[in-house]
Amino acid sequence: MNKPAVEQMRTIDRVNATLKQRYNRECRFRRFGLGAVLLGLLFVGLMFLNIIGNGYSAFQQTRILLEIDYRAEVIDPTGARDPATLSSADYAALVKSSLRALFPAVQGRGEKRELYGMLSSGAFLELRRRVMADPGLIGTREQLWLPVDDDIDMLVKGYIDRRLPESERRLDNRVVAWVEQLESTGAIEKQFNLTFLTGGDSREPELAGIGGAVMGSLYTLIVTLLLSFPIGVAAAVYLEEFAPRNRWTDLVEVNINNLAAVPSIVFGLLGLAVFINFFGLPRSAPLVGGMVLTLMTLPTIIIASRAALKSVPPSIREAALGVGASRMQTVFHHVLPLAMPGMLTGTIIGMAQALGETAPLLMIGMVAFIVDIPGGALDPSTVLPVQIFLWADSPERAFMEKTSAAIMVLLGFLILMNVIAVILRKRFERRW
Amino acid sequence: MLSVTPDSMGTVTAPAGVIAAGFSPVADDSRAINGTVGDITAIDPRMTARHVNVYYGDKLAINNVSLDIGKNEVIAMIGPSGCGKSTFLRCLNRMNDTIDICRVEGEIRLDDQDIYDSGLDVVPLRAQVGMVFQKPNPFPKSIYDNVAYGPRIHGLTGSKSELDEIVEQSLLKAGLWDEVKDRLDEVGTGLSGGQQQRLCIARTIAVAPEVILMDEPCSALDPIATARVEELIDELREQYTIAIVTHSMQQAARVSQRTAYFHLGELVEVGKTDDIFTNPRHRLTEDYITGRFG
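Quick note, the sequences are listed as chains A and B, same order.
Numbered by our numbering, the letters in the first sequence go through residues 285 to 716 in order.
Numbered by our numbering, the letters in the second sequence go through residues 2 to 295 in order.
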């Protein structure tokens with residue numbers, strides 16, 4: 285009916301009629317995309333701000349400057365310098381007398397106990413370590429910075445509000461006054477906390493460190509990498525390059541894809557049942573943790589490796605086959621080197637996943653409270669995310685900053701691994 | 002000599018046998034293919050294919066093709082897209098083995114060896130029957146390593162100097178030596194398209210094959226690079242047997258001594274190149290080379 289009208293309308297008019305709408309749509313879509321990216325960045329930023337804001341103070345530890353008199357009659361009355369005597373000497377007495385010298389006015393048992401409580405129970409351990417390392421110190425005097433108890437640490441760092449009434453505060457007015465006196469003379473200050481990075485776990489927050497968890501994570505990841513990379517790459521190469529396409533390989537492929545979606549705690553149960561109960565491997569050991577995490581990361585590595593192999597252009601395979609290379613030569617001389625960057629990326633992603641995994645390790649006993657730093661893959665140990673989980677569960681205020689700081693270290697390792705992945709990829713790409 | 006000619010052209014009115022050149026009106030039924038017109042044999046055959054059928058799954062891609070490839074000749078295979086000429090070419094060094102669903106029937110011999118014999122090893126076969134592909138596909142390695150790869154894996158040389166010699170000779174034969182002799186360490190993929198294809202040819206002849214298969218070697222090249230490769234093919238003919246698939250009829254006319262025309266998986270006509278292009282005997286060949294389809 286209105287056909288003539290339509291015909292009279294030129295194409296350019298009809299294009300122009302809808303043009304504005306088309307551009308609007310495009311603009312809207314771009315804004316949505318930008319909004320999504322900004323929202324993501326906002327949350328990442330918030331997360332980093334929160335974690336760093338909470339955790340940076342854990343890298344500092346409050347210490348008191350004390351003048352220690354290594355009195356020979358306390359440490360080594362016989363003068364034989366026998367290590368057994370040196371190690372069992374009453375170093376706490378040395379610390380206590382130094383404190384009393386600092387606050388001569390303190391009298392009475394209760395007050396004295398409060399005064400001694402200002403120092404960490406680890407303070408005398410430090411004295412013992414120094415004397416054991418250098419018995420020549422006995423009989424001399426030295427100025428020494430010693431760690432304070434976690435409550436004092438919190439007070440100095442400002443986490444305990446001094447204006448609150450005494451009854452609502454963890455520390456009474458007397459202690460606050462002592463701390464203020466020390467602050468005024470500069471005998472108390474925040475110093476870099478090496479113990480946090482090198483020490484093992486402890487019930488005392490001021491003595492707790494992530495050294496043990498870092499070593500545990502390291503051993504676990506080494507075991508995981510050594511097992512999962514060769515197995516994953518071999519499986520991917522076989523499935524992609526050599527296996528016949530039939531019902532069985534289809535079944536294998538479907539199962540690998542399904543395994544990638546299995547909740548990780550299931551792998552922990554399997555590890556407990558098979559590796560620990562059946563094969564009798566030690567509990568809480570990075571070896572078993574690494575094996576369990578291998579099971580968990582294998583599907584990721586296999587899938588990524590297969591994708592990398594698939595993306596190698598078939599012309600390269602044909603070129604190699606065309607000059608008479610065998611199938612294995614084709615794969616190892618040409619296909620694998622080209623697929624290696626993709627495989628490495630997949631492996632690093634799998635490793636990063638393994639580094640952050642907690643649940644399966646709980647099942648095999650890596651959640652135990654372990655003070656010693658593990659010296660090998662068979663020693664009982666814990667890993668970084670489990671350590672974070674343990675500290676997050678602890679009631680002391682000081683563990684809160686430790687938790688955030690441990691998360692910072694974990695994130696640091698993840699970033700480091702990604703950087704390594706990028707560098708490796710670049711290297712391989714340049715060679716080829 | 003074996004000569005296969007159609008017994009019948011499919012209709013009662015059409016005369017059996019040879020169709021003369023020219024545009025004589027022939028009923029459409031004459032497009033039916035009932036065998037190969039012309040002489041499929043070569044005087045001194047290097048490869049012989051007899052009654053070759055190729056299936057992709059259930060689909061018949063090549064139907065009963067018989068063809069000889071003679072010593073020191075260039076045989077061109079032409080035909081419209083999808084006619085099976087590349088498939089046939091890839092049968093000659095068993096490159097079709099890489100395609101799972103591909104099945105080959107019939108008999109293909111290299112000299113006296115049946116190359117589809119169950120006990121035959123494809124590695125030495127492919128060392129004897131080299132292949133140059135449609136798209137230049139140098140390895141992402143140095144120019145030197147590209148050429149040296151074949152001799153290395155086959156252990157053709159005992160020393161570095163021998164290998165250097167093979168690389169130089171192959172690049173010389175491929176007409177690439179002067180252009181790359183100062184930068185043998187550079188990556189082969191950094192060369193221009195024409196140079197890459199000549200590098201691929203050098204890589205193929207470094208293994209000293211008896212037969213070289215070329216699957217549209219110039220389709221990705223510009224006219225100048227194409228002319229260079231065609232010259233090269235002509236030079237290589239003195240030492241090698243060459244089978245080339247091409248979409249360009251001019252190219253077939255320029256480089257080949259014999260031409261085979263494929264259509265819908267069948268070999269329609271074979272003959273001396275001059276004859277095919279000046280005096281095609283089958284209606285389909287004539288239609289194709291005169292540009293009525295294809």
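Just so you know, even glycine gets a beta-carbon here, dropped at the ideal spot from N, CA and C.
Being a predicted model, the structure only gives us computed values, none of them experimental.
Exercise. Does the distance from the C-beta atom of ALA638(A) to that of ALA592(A) stay below 7 Å?
Worked result: Contact check for ALA638(A) against ALA592(A) fails: the beta carbons are separated by 7 Å or more.
Problem set entry | Cβ pair count under 8 Å reaching 3, the region 481-498 of chain A against the region 665-680 of chain A | Output reads yes: the region 665-680 of chain A touches the region 481-498 of chain A.
For this session: Within the region 181-235 of chain B, note down every full alpha helix (DSSP H) run reaching 4 residues or more, in order along the chain.
Result: Those alpha helix (DSSP H) runs which fall completely within the region 181-235 of chain B and span 4+ residues are 194-206.
Problem set entry | the region 93-110 of chain B in contact with the region 47-54 of chain B per 3-pair CB rule at 8 Å | Counting Cβ pairs under 8 Å, three or more are found: they touch.
Exercise. Hey, which unbroken runs of the beta strand (DSSP E) at 3 residues or more fall wholly within the region 339-399 of chain A?
Worked result: 344-353, all fully within the region 339-399 of chain A.
Exercise. Is it true that the CB of SER589(A) sits closer than 7 Å to the CB of ALA544(A)?
Worked result: No, Cβ-Cβ distance for ALA544(A) and SER589(A) is not below 7 Å.
Problem set entry | Within 9 Å of chain B by C-beta, residues of the region 583-610 of chain A in sequence order | For the region 583-610 of chain A, the residues whose beta carbon sits under 9 Å from a beta carbon of chain B are, in order, PRO597, PRO598, SER599, ILE600, ARG601, GLU602, ALA603, ALA604, LEU605, GLY606, VAL607, GLY608, ALA609 and SER610.
Problem set entry | PRO125(B) versus GLY608(A) - alpha carbon distance | The alpha-carbon atoms of PRO125(B) and GLY608(A) are separated by roughly 7 Å.
Problem set entry | Best match in PHE89(B), LYS60(B), ARG95(B) and ASN73(B) for proximity to LEU268(B) [C-alpha to C-alpha] | Ranking PHE89(B), LYS60(B), ARG95(B) and ASN73(B) by Cα distance to LEU268(B) puts PHE89(B) first.
Exercise. Can you list the residues of chain A that ARG127(B) reaches, using a CB-CB cut of under 9 Å?
Worked result: Going along chain A in sequence order, the residues near ARG127(B) (Cβ under 9 Å) are LEU605, GLY606, VAL607, GLY608 and ALA609.
For this session: Anything in chain A within Cβ reach of ASN138(B), meaning under 8 Å, just list it in chain order.
Result: Within 8 Å Cβ-Cβ: PRO597, SER599, ILE600, GLU602 and ALA603.
Exercise. Would you say ASP45(B) and GLY71(B) are within 7 Å of each other, going by their C-beta atoms?
Worked result: Contact: yes.
Exercise. LYS304(A): buried (16+ other C-beta within 10 angstroms of its C-beta) or exposed?
Worked result: That one is exposed.
Exercise. Quick one, which residues of the region 520-541 of chain A are near chain E if we go by CB-CB under 8 Å, in chain order?
Worked result: Judged by its chain identifiers, the structure shown contains no chain E, and its protein chains are A and B.
For this session: Pull up the distance between the alpha-carbon of TRP178(B) and that of GLY120(B), whole angstroms please.
Result: Going by the C-alpha atoms only, they are around 39 Å apart.
Exercise. If you draw a straight line from the alpha carbon of LEU68(B) to that of ILE515(A), how long is it in whole angstroms?
Worked result: About 48 Å.
Problem set entry | LYS161(B) (DSSP reduced to helix, strand or coil) | The three-state secondary structure of LYS161(B), taken from DSSP, is helix.
For this session: With DSSP as the reference, please indicate the residues paired to PHE263(B) in a beta bridge.
Result: Answer is LEU268(B).
Exercise. Quick one: is GLY120(B) near chain A, going by C-beta distance under 7 Å?
Worked result: Output row for GLY120(B): interface = no.
Exercise. Ends of the alpha helix (DSSP H) at GLY107(B)?
Worked result: In the DSSP assignment, GLY107(B) falls outside any alpha helix (DSSP H) and lies within the beta strand (DSSP E) extending over 103-111.
Exercise. Between the region 628-643 of chain A and the region 691-704 of chain A, do at least 3 Cβ pairs fall closer than 8 Å?
Worked result: Segments in contact, yes.
Exercise. Along chain B, in chain order, which residues have C-beta atoms closer than 9 Å to that of LEU622(A)?
Worked result: Ordered by position in chain B, the residues that pass the 9 Å Cβ test against LEU622(A) are PRO141.
Exercise. With a cut-off of 7 Å, does the C-beta of GLN344(A) fall near any C-beta of chain B?
Worked result: No, its Cβ sits nowhere closer than 7 Å to a Cβ of chain B.
Exercise. Residues of chain B with a CB under 8 Å from the CB of GLN281(A): which are they?
Worked result: Here chain A has residues from 285 to 716 only, and residue 281(A) is not among them.
For this session: Tell whether a beta-carbon distance below 7 Å holds between ILE245(B) and ALA128(B).
Result: The answer is no: Cβ separation not under 7 Å.
For this session: Would you please state the rounded distance, in angstroms, between the beta carbons of VAL130(B) and PRO218(B)? I believe it to be under 8 Å.
Result: With 8 Å as the limit, VAL130(B) and PRO218(B) do not qualify as a contact, their Cβ atoms being about 15 Å apart.
Problem set entry | Bridge partners - ALA77(B), DSSP secondary structure assignment | In the DSSP assignment, ALA77(B) is bridged to ILE245(B) and THR260(B).
For this session: For ASP235(B), I'd like the list of residues in its chain whose CB is within less than 7 Å of its CB, leaving aside the five on either flank, ordered along the chain.
Result: Around ASP235(B), the same chain offers VAL256 as residues with beta carbons nearer than 7 Å, after the five sequence neighbours per side are excluded.
Problem set entry | Beta-carbon spacing of VAL576(A), GLY552(A) below 7 Å | In contact: VAL576(A) and GLY552(A) (Cβ atoms closer than 7 Å).
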